[in-house]
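Structure first, commentary second.
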Amino acid sequence: MKKKNLLLFAALALSASAGAQEVVTVTSTDGKKEFDKGQITTFTFDGPAVILHRSGNQEPEEYMMSDIVEITFSLATGFDNVKMGETNITVSAERGTGILRINGTEPGKIYNVAVYDAAGRIVWNDKQWQGQTIDLSGKPAGVYILNINNTTLKFRK
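Numbering (numbering that gives the first Met the number 0), first residue to last: 0 to 156.
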């Protein structure tokens, strides 16, 4: 019963915020299967089965609840022109790419820039940075901290 309630909550979460979802992953005893955010229209429950109804002419996917290990929803986040502190510097992230664009820096000025993961480890840094984009595409999704000359911004990739 607890598992059924958890899955029902997951289904309600999907229907309430499907616009923000990028990928839904169903992990079962047979392995993992990913669905694009636009593919799934609804989850329904039929006895011991969970049915994922998909858009268009795609056949529904049916899973026995006893075979489901987990259902996860991943988000791709982006943001535009977030101002950093009292500076003129703004930061934008290209949705789903991991590319950061930093604007408002002074031409010719050298900046000390670092990106930290949630555990405080440096995942990217440049002590002679002069305005180029920052590529975090190879880094896993999560919360990161951007530090430019002691001004800090927290963001989610």
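For glycine and all other residues, C-beta sits at the position ideal for the given N, C-alpha and C. Small disclaimer: the values here were computed from a predicted structure and weren't measured.
In the three-state DSSP reduction, ASP66 falls in the helix class (H, G or I). The C-beta of LYS156 has 16 or more other C-beta atoms within 10 Å across all chains shown, which makes the residue buried. A direct Cα-to-Cα measurement between MET63 and ILE70 gives close to 13 Å. Of all alpha-carbon atoms in ILE101, ASP134, ARG120, the one lying nearest the alpha-carbon of THR150 is that of ILE101. CA-to-CA, the gap between LYS32 and SER136 works out to about 22 Å.
Nearest to GLY55 by C-alpha distance, out of ASN148, THR28, THR40, is THR40. Partner residues in the beta bridge of GLU61, as assigned by DSSP, are ILE50.
Counting the other Cβ atoms within 10 Å of the Cβ of ILE147 gives 16 or more, which makes it buried. Pairing ARG53 with PHE154, the inter-Cα distance amounts to about 32 Å.
Under DSSP, LEU99 takes part in a beta bridge, and its partners are ALA92, ILE133.
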